[in-house]
Amino acid sequence: MVYSIKVHDDFVEELNKLDTAIKTQLRKKLDKVVENPHIPKNRLAGGLHNCYKIKLKRSGIRLVYQVNDDEIYILLLTVGKRADNEVYETALKRL
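Numbered as in this note's numbering, the sequence shown ends at 102 without a single skipped number.
Printed below as a string of structure tokens:
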């Protein structure tokens with residue numbers, strides 16, 4: 008089953024700030040995630056226990072998403088550098 012993608016209102020603005028090469032890498036990873044969004048090793052903890060991450064190790068970029076199995080979509084919450092857990096704090100505020 009392939010999940011559709013929805014985005015948080017502020018997500019597009021964050022994505023547009025990223026380099027084209029990073030956007031391409033994220034797109035490739037998202038293409039795999041829409042087929043199977045529940046990846047146990049990428050599940051987050053704490054207040055974001057119902058969310059998952061996509062990480063680009065070299066660039067330090069994280070994309071946080073939430074899965075809605077009832078309506079079969081993935082909500083992209085935020086994308087940015089992991090530095091000081093800012094991307095995770097932003098995701099928590101957007102839930």
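Idealized CB from N, CA, C, for every residue including glycine.
Of the residues Asp17, Asp16 and Asn92, the one whose Cα lies closest to the Cα of Ile68 is Asn92. Excluding its 5 nearest sequence neighbours in each direction, Ile61 has C-beta neighbours in its own chain below 6 Å: Lys36 and Leu70, listed in chain order. Look at Val94 here: in three-state DSSP terms it is helix. For Val40, the enclosing alpha helix (DSSP H) has its first and last residue at Thr27 to Val40.
Using a Cβ-Cβ distance cut-off of 8 Å, the segment 11-20 and the segment 80-87 are in contact, since at least three pairs of beta carbons, one from each stretch, lie closer than that value.
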